[in-house]
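Read the structure below first, then the notes.
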Amino acid sequence: MAVFRQIYTSFWTDPKVQEEWTPEDKFFFILLLSNPQTTQIGVYQVTKKQLAFWMGYSEESIRALMDRFINHHKCIKYNPDTREIAIKNWGKYNLTKGGKPIVDLLNKELKEVKDIELIKYVIPSIEKSDIRKIFEDYYEMARNSDSYDTSTIRERIVPRYGDNNNKNNNKNNNKNNNNNKDDSVVVDKIKQYFDLESKDIEKIVDVFIHTGRGIDYLEEKLRLVKNTDGVKSITGYLIKALEEDYKPIQSKFNKNKFHNFNETFGQYTDEELKNMATRGQLEESKFG
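Throughout, our numbering is defined as the position within the sequence shown, counted from one, plus 14.
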């Protein structure tokens, strides 16, 4: 999650912004530049629902703003399948410094991008040549990689910039094979509990992978959803459970039914219980 983002004061003096942008346009773009989902590379995942919540707008209004920025202002791109957004001129204002920490961060964030065409979209705005080369190399390696498949939303493994290419390609091929095996295990585990459509399973797999947890964590959430009554959307509830680490809540009724019995009667001796029972029978005979 981003801690802070820089917004240049020249944004407010830009003639196009002053003359063509509405107040909603300005508010929306400032949000796109500074929300908690933003990354150093200018490509990040965000949902329309999140944007609507932050702005206090309806999702319909957000869709209209998205369309305006994509087709009229032409300063963003959005992939509705991967829910990733790219800011066209991000590199011009935010990718101006280098150094190992920055390069390491860029490498980390680039390999998390699912739609690599969004990486290509931000490259022209990067003026610093060494940083631009990192983006170009990543894009070319990802585009030419056998593991890249535009029909899937699964996470790709991309070699780190500056490492030995042949060595990394071998490692990444092994990683991809392992990832495919891991994905199969995850898919099989989900199918053990629910009969879902492939697109829903892919969404769940993607969210689970990003949690960085083990298969036991997934099974815990699968059991939780399975044992929860009144779930309208299994996929939605399971994704929420994975993201926010929902915990099973033991039924208070079931717990108290026996737990309270032991607590109540465990404090008396056998003789006292016998006397209580006798008194109860006598009381009952009075009203019988």
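All C-beta atoms in this analysis are idealised placements derived from N, C-alpha and C, irrespective of residue type, glycine included.
Nearest by alpha-carbon distance to residue i: which of the options is it?
| i | options | result |
| --- | --- | --- |
| Gly1 | Glu98, Arg157, Gly250, Ser198 | Not covered by the structure: residue 1. The range shown for the chain is 15 to 302. |
| Ile76 | His87, His86, Lys63 | Lys63 |
| Glu257 | Leu236, Asn241, Thr242, Lys240 | Leu236 |
| His126 | Val221, Met80, Ile204, Asp39 | The displayed chain sequence assigns Glu, not His, to residue 126. Nearest C-alpha to Glu126: Val221. |
| Lys128 | Gln20, Ile21, Val60 | Val60 |
| Pro50 | Asp39, Ala78, Leu79, Gln20 | Gln20 |
| Ile116 | Asn158, Phe149, Glu233, Ser72 | Phe149 |
| Ser72 | Glu38, Arg227, Asn85, Thr23 | Glu38 |
| Lys203 | Gly226, Glu233, Leu210 | Glu233 |
| His86 | Tyr107, Asp197, Thr36 | Thr36 |
| Val199 | Glu211, Asp230, Ser48 | Asp230 |
Spatial neighbours of residue i within its chain, please: C-beta separation below 8 Å, excluding the five flanking residues on both sides.
| i | result |
| --- | --- |
| Leu89 | Strictly speaking, residue 89 in this sequence is Cys, with Leu absent from that position. Same-chain partners within the cutoff: Phe43, Phe83, Ile101, Lys102, Asn103. |
| Lys254 | Tyr260 |
| Leu45 | Leu65, Trp68, Met69 |
Assign residue i to one of three DSSP states: helix, strand, or coil.
| i | result |
| --- | --- |
| Glu98 | strand |
| Asn121 | helix |
| Val245 | coil |
| Val57 | strand |
| Lys91 | strand |
| Val199 | helix |
| Pro37 | helix |
| Gln51 | coil |
| Asp259 | coil |
| Val219 | helix |
| Ser72 | coil |
| Ser159 | coil |
| Phe43 | helix |
Grab me the residues of residue i's own chain with a C-beta within less than 7 Å of its C-beta, minus the 5 sequence neighbours each way, in chain order.
| i | result |
| --- | --- |
| Lys134 | Tyr153 |
| Leu132 | Val57, Lys91, Asn93, Glu98, Ala100 |
| Tyr207 | Leu236, Lys240 |
| Gln32 | none |
| Gly228 | none |
| Val201 | Ile215, Val219 |
| Tyr22 | Tyr107 |
So residue i and residue j are supposed to be a Cβ contact under 8 Å. How far apart are they, rounded?
| i | j | result |
| --- | --- | --- |
| Leu252 | Ile218 | 6 Å |
| Phe41 | Met69 | 7 Å |
| Gly113 | Lys142 | No, Gly113 and Lys142 are not in contact; Cβ-Cβ is about 11 Å, not under 8 Å. |
What residues in its chain sit with their C-beta under 6 Å from that of residue i, if we drop five residues either side in the sequence?
| i | result |
| --- | --- |
| Pro262 | Leu238 |
| Arg146 | Ile140 |
| Thr27 | none |
| Glu169 | Only weak support is given to the placement of Glu169: the predicted model assigns it a pLDDT of 41, under 50, and the question is left unresolved by the model. |
| Thr53 | Glu123 |
The ligand MG heavy atoms versus the CB of residue i: any closer than 6 Å?
| i | result |
| --- | --- |
| Gln51 | Among the ligands in the structure shown, none appear at all, so the ligand MG cannot be discussed. |
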